[in-house]
Structure formats: structure tokens, C-alpha cells
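Just below is one structure, and these are the notes that go with it.
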Amino acid sequence: MVKEKLLKHHQDNFWDWSCVFYEASQVKPLLLKLQDSYQLNVNYVLLALWAEDQGIEMDKVVWKKVIRDGIQPSQAVSGLRHRRRKAKHLGQKAEYQKLLTLELKGEKLVQQQAVKSLLPFWPIVPHSVEPMSNLRFYIETQAQSRIEADEALLEASELGVIVQKLQV
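Next up, the structure:
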């Protein structure tokens, strides 16, 4: 029972943090560029930054588990996103709003699964994590080449600056 409450607390904390961070100046366009240009999962980019803030190191082994465990919900959200964008293009406002609501619920499920997958790696005592290391490991697991990884990390580096500003 305690473990479930702790998990729910961390899931809610991550969701709340993500909502605030996503609305910060310049974050949304940066995240969408990483998603559209490098096929990165916005929820996992956010997870990398949030986990760093929580003192959780995420290496390639951790990322492989998080990604593997989140395949189904991530694919479902991707399908909803595709349908939503199509509805927007076709001017179907009611369908667009319905799909947007479903997509947002799906995003929350992806995040909940990610935190659940991360829980076994949670340190007993949080410690300082090298800035951007979690994000670097995530990008490296997803990139098609070293050059692509370097380009994506360069694009993402501004997110680290924004996180630092929000913590002050």
C-alpha cells in the first residue's frame, strides 16, 4: 500500500511538473521540434529533465526499460496525435477537440508508466546528477547516428537552461 501511494505521488508530481514546464516560455516549440525533427518522445524528454531534478540517474539500461515498458501507450498516443493533426487539417473542430482530450489522457498514461518503470532505479538518497546526462542517454538510445544525436542534444540544451531558470 505504501509503495502504491509513493508511486502515485511521484506520478502526480511528474505530471504537475511537466504541465508547468511545458507552458514555460520557449519550451513547447523546443519540445515539438525534438519530437518532429528527431522522433523523440516529449514525455521521455520531460522525464529526463524531471528525473535529473529528482536526483535520479538514467543510463542506457534504465532508458531501454522505460522505453520497452512504454511501447504500447506511446504507440496509442502517436496514433491519436496523427488523427488529431489530420482532423485539424480537415477543419473538423469537434473531432479535433475530442482527439486532443484523448491524446492528453494518453500522454498522462505514458508518463505514469514511465515513472512506474523508473521506480526500481530510484536512489534511497537522491544525489546530484550531471546536467543533461539523462537527456543525453535518452537521445543516444534513439538517434540513428552520432551526428543526429549531437544535433538533437544541441537543440535540447536550451531546455536545461530553462529548467535552471525555473528552479531559481
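Sequential numbering of the sequence shown, starting at 1, is according to UniProt numbering. Cβ atoms here follow ideal geometry from the backbone N, Cα and C, with glycine treated the same way.
| Check | Outcome |
| --- | --- |
| Assigned secondary structure, Ser-133 (DSSP; H/G/I helix, E/B strand, else coil) | helix |
| Rounded straight-line distance, which links the Cα of Lys-98 to that of Thr-141 | 33 Å |
| Exposed unless 16 or more other CB atoms sit within 10 angstroms - verdict on Ile-124 | exposed |
| Check: Asn-41 C-beta below 7 Å from any heavy atom of the ligand FMN | Although the ligand FMN was asked about, the structure shown includes no ligands whatsoever. |
| Ala-152 - DSSP class collapsed to helix/strand/coil | helix |
| Backbone CA spacing between Gln-112 and Leu-6 [nearest angstrom] | 12 Å |
| Range of the contiguous alpha helix (DSSP H) that encloses Gln-11 | 2-23 |
| Below-8 Å beta-carbon distance, Lys-88 vs any chain B residue | Protein chain content of the structure displayed is limited to a single chain, and chain B is not contained in it. |
| Environment of Val-161 [buried if 16+ CB atoms lie within 10 Å] | exposed |
| Test item: CB-CB of Leu-47 and Ala-114 under 8 Å | yes |
| Distance CB(Tyr-38)-CB(Glu-130) smaller than 8 Å | no |
| Residue burial classification, His-10 (beta-carbon count within 10 angstroms, cutoff 16) | buried |
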